[in-house]
Amino acid sequence: MAPILMATVGLTAASAAAAAPESAAAPVFTDDFTTGLSRWRALTGALTEWTGTTAEFPYVSIDTRTQPSGRYITPVTPVGLPDAYELRTRVRVDAASDSPAVSVLTDFREPYAVTQNNFAAQLTGWSGVQISAPVTQTVCRGPAPVRQGEWHEMVIRRANNITVVEIDAQRVAVVTAPAAGGTIGLGVYHARASFAAVAVTALPTVPADHPTTASGCSWTEPGEPEVDQPILVNQSGYNLGQVKRFTAPRAVDGEQFRIIDAAGNVRHEGTVRGQVGDFTDFDPAEPGPYTVEVQGAAGTGRSDPFGIGADWIERVSYRRAVQFMTDVRCYYGDFSRMVYGGTDPQNCYLGVGWRDSHQMSFELPSLIDMYLANPSAFAQIKDPEARYVGLPVQLPADTPEIVRLIHWAVEVYLGGRVNHTLLKEQLAAFLYAYPYLADYIPHSVYERARDYLFPIWDDPAKDRFAWYDTTPHTADLLQVYTQMGSGKGELPPGHSVWPNVMMYEVAKREGRADAERYLATAKAQATWLIGNLDVADPTVTKGQRQGEYHLVTGLARLLLSHRDQAPPGTRDFIRRWAEVVAERSANLWDFRKYSADRWTIPSFTGGGSASDPNETGNVAGFAAPALAAAQVLGDDPLAARLRQIAVAHVDNVFGRNPTGRHASYRGPTEQWGFEGVERGWYSEFQGGAGRLQGARGVLDGSPKNGQYPYNPGVGNIGHSEGWVTFNTAWNETLAWRAVDTTTVRVVDTAGGPLDRVPEGSRASVRLTAPLNLDPAALDRGELEVRVGDRAPQRLGAVQDGLNTTTYTAELDLAALGATLGDTVTVSYGLGYFARQVTVTVAAPLCAGREPTIIGTDGPDRLVGTAGADVIAGRGGDDVVVGLGGDDVICGGGGADRLVGGPGGATLLGGPGPDVVVGGPGDDRLHGGADRDVVVGGGGTDQIDQDGPDA
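As numbered in mature numbering (1 follows the signal peptide of the UniProt record, and there is no 0), residues -19 to -1, 1 to 931 make up the sequence shown, in order.
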């Protein structure tokens, strides 16, 4: 960060003149606010809204965050600016609300109306500058070296009809000057800000370095300083039991690395290969912090500190993912103000339900996927203070926030009568998922959505709503799409496969006669994709930017959920995609490149930059298709490499990239960012259609082509701008990460898997899922258990210990009413993301063994075979007779008669009054809990009146 130069903050009138350039004439105007605002008058609002402070130095402040309009002041006596001048002041921005602007006005001419005849240098929050002429008309905007709560020196220098704006001696804007003359002013809109001394001096000559042409708002942050041995890691942390890798761009193969804890102890050692260090097998009991140290030919380097813990990434990301979706809604959650069409630049520009969302953001399915993948985690995240005003149906404030967001989307889309291809697909996700949301959202909402969507599914019209809809197509979703969108991501291949499968499932549930046509369309679309797309062509894959995931996830879901309907070659197509991914990820970042000779996507229409567009959504969303493909590939070794690459792209978001920066500009902050992040992105885009500055969890930027493979000195190049479409791709990554790590098992006391459980007994259910949202407490998960086709019941699982990834529940067959022959299914996750295990209820064990011959609940006569049998009675008064072999015979609950055969038998009476008679062999005879008759036979018998339970 540039120096603040605080030594001259408290300028007096005399010192201001002294601080001016040597060539400057006498000051035109100076005021150090020693006497407050006695020399100023209010143009808007009242002068009393401003306050003066004379603490370490004099300055004036105002807070307009809740005011509907800005507050502006100007000197009582107009300044009378010359053709060439320099204005110096100090500015501090302490807090901001929506679309802030802290303005210094020059060339302010009569009639002294803020919206007319002025030049405004504006700080738009804490990372950007905007030049307007007048205040309401933007000339340019761009990044700037501004930080919250810090004083910054601002200089406005005009000469030769060119105006330069500098902040902390760094040139942030060069623009054509407006008409000369007039006075100056200060203004604050939607911010709490302060101004220190203001000094204006005339320039008798043009400064030697003054530019001659306008170049706009073109400041870029200086590049990172050169480091002998840089080590780039996930700055926040890594998950226990999962891939852990770092990049050391200047390390040599064979050089050693060490993992060091906060006390300086070496906890793990390894070797760098291909500039990558792998410490996946380091799973410490303590969360850290840890650092990586590499000593080698380039020198000694240490990484940023990071943590290692159960579900670390999910713990620091889930809440932010939901909060972002809350913060970025159109009209900030006030449905009563909703005006459709995306024409409101303040509240809902270029969007329907979310600001700047266009039609291609897939907000609703991304929220549903997160919820279905990990319902117990997302059900915990609530935001009762979030605004939901004027909706047709109002959900309680303590409803899980993700459910409120899902409901918001449905109401907004129905209210706008959306009919664009991709918006209809979004509503299909709600119809599919509704049974899992029915506890929260009234059935009437589902009925309205169902009755609206089915009639228009094959309607070709798509006039509500779309932006950048540059690929010609119709909205008839029963067609096979042969079109493919651009790098904007406006029509990604495969977009309609899974929505048609979901409509098939809904149609079946509703008993519709046309259900099969939706599944047939999905199959036909998949057949076309497999037969016509070349996954080695980057325009098909990475070139779809944030929309890439639809192709592979759609095909994978079709294959995994309807294997008999997936066209032949589906798995091979997905595997070929995975092979290309692995080939293009063989580099020091494990980063899937665009092509053999380019790292990131090239320019495209609407990309925001001629040479280096922002591909944040592709990086953030890449794990979704990678993990979907891994699910399809099963135990294929390629699946393990896909998981490595998927984690690497998450790590890229968190700083394991050539810039060493997190994708969020405000990533290091507690209020908006992510735990453990040291350095955020270079800048955040100010204003724009989305107005995302101040949104929690926004992803602003990603490394550009010129920054790869490792060029830290190039600084903040290319275009950076957050977008809801990028964050929804991140939502899909979070969903598929949950699915890929979730397992459900029924286990015995040693942890071994069971597929049969004796009637009336108990077993343990072991759940593995990313539920560790509170590292200081034992978290819980809620499973579903179903006996046969009966209604599901809920089963609570408790974390096995702090910082563990497993949860245990007790499966009590008697309490469930599960009897011999029943199947019991235990699952976690919902719908197509459910992970489940099924066990069969077996007969009660007989002396620790499963019976080979078993009675019914009535009176039975059970006779063994010539071999060694395990024979068990059940509820009635049974007669059980062994024949040949060493038999094990157990009575049931009635008054049983047990007779051993010629072998060495074990006979155990049950809880009733039994008669137990040995045979000619060496028998072990045990009565049960009641009054029994136990009689030995011809052998050497062991007789026990009570004995063990059968």
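For glycine and all other residues, C-beta sits at the position ideal for the given N, C-alpha and C.
Outcome for residue i when other beta-carbon atoms lying within 10 angstroms are tallied against a minimum of 16
i: LYS489; result: exposed
i: ASP364; result: buried
i: GLY682; result: buried
i: PRO606; result: buried
i: THR730; result: exposed
i: LEU759; result: exposed
i: PRO618; result: exposed
i: VAL275; result: buried
i: ALA150; result: exposed
i: ARG398; result: exposed
i: ALA799; result: buried
i: HIS630; result: buried
i: LEU541; result: exposed
i: ASP464; result: Checking the sequence, you will find Gln at residue 464 rather than Asp. Exposed is the call here.
i: SER338; result: buried
i: ASN481; result: buried
i: HIS424; result: exposed
i: GLU134; result: buried
i: GLN223; result: buried
Residues that DSSP places opposite residue i in a beta bridge
i: ASP44; result: ARG173
i: GLU134; result: ARG71
i: TYR66; result: ARG139, ALA183
i: HIS249; result: ILE240
i: SER745; result: VAL728, GLU791
i: PRO124; result: GLY109
i: GLN774; result: VAL766
i: TRP335; result: ARG310
i: GLN817; result: SER808
i: TRP21; result: PRO56
i: ILE870; result: ILE852, LEU888
i: ILE148; result: MET135, GLN151
i: ALA102; result: VAL85, ILE112
CB of residue i within 7 Å of CB of residue j, strictly
i: ILE148; j: ALA125; result: yes
i: LEU623; j: ALA644; result: no
i: TRP558; j: VAL533; result: yes
i: VAL658; j: SER217; result: yes
i: THR228; j: VAL273; result: no
i: ARG743; j: VAL728; result: no
i: VAL74; j: ALA172; result: yes
i: THR508; j: VAL516; result: no
i: ALA140; j: LEU184; result: yes
i: ALA778; j: THR789; result: yes
i: VAL110; j: ALA154; result: yes
i: THR281; j: GLN361; result: no
i: SER175; j: TYR53; result: no
i: VAL487; j: TYR421; result: no
i: GLY839; j: GLY854; result: no
i: ALA604; j: ALA627; result: yes
Candidates the options, of which the one nearest residue i by Cα
i: VAL562; options: SER576, GLN48, THR186, VAL727; result: SER576
i: GLU665; options: VAL862, VAL127, LYS469; result: VAL127
i: ASP632; options: VAL156, THR837, TYR219; result: TYR219
i: THR709; options: TYR530, TRP107, GLY732; result: TYR530
i: residue 932; options: ILE294, SER342, VAL320; result: Only positions -19 to 931 of the chain appear in this structure, which leaves residue 932 out of reach.
i: SER808; options: GLY802, VAL820, LEU801; result: VAL820
i: MET319; options: ARG300, ASP877, ALA390; result: ALA390
i: residue 946; options: PRO423, ALA291, PRO159; result: Residue 946 cannot be examined here, being either before or after the span of the chain that is shown, -19 to 931.
i: GLY61; options: VAL181, LEU754, ASP721, GLY839; result: VAL181
i: ARG642; options: THR597, PRO549, GLU497, GLY615; result: THR597
i: ARG556; options: GLN546, ALA537, HIS543; result: ALA537
Taking one C-beta from the segment 426 to 433 and one from the segment 476 to 484 each time, how about it: are there three or more such pairs within less than 8 Å?
no
Could you say if the segment 386 to 406 and the segment 439 to 458 meet the contact criterion of at least three C-beta pairs nearer than 8 Å? yes
Stretch-stretch touch, CB-based, cutoff 8 Å, three pairs: the segment 688 to 695 with the segment 668 to 678 = no
Note to self: I want to know whether the segment 101 to 110 touches the segment 40 to 47 - three or more CB-CB distances under 8 Å.
What the structure shows: no
- request: Assess, as a yes-or-no matter, whether the segment 390 to 397 is touched by the segment 844 to 853 under the definition of 3 or more beta carbon pairs within less than 8 Å.
  value: no
- Message: So, does the segment 298 to 314 touch the segment 329 to 338, judging by three or more C-beta pairs under 8 Å?
- Response: yes
Worksheet item: Using 8 Å as the Cβ pair cut-off and three pairs as the minimum, do the segment 70 to 90 and the segment 156 to 168 touch?
Response: yes
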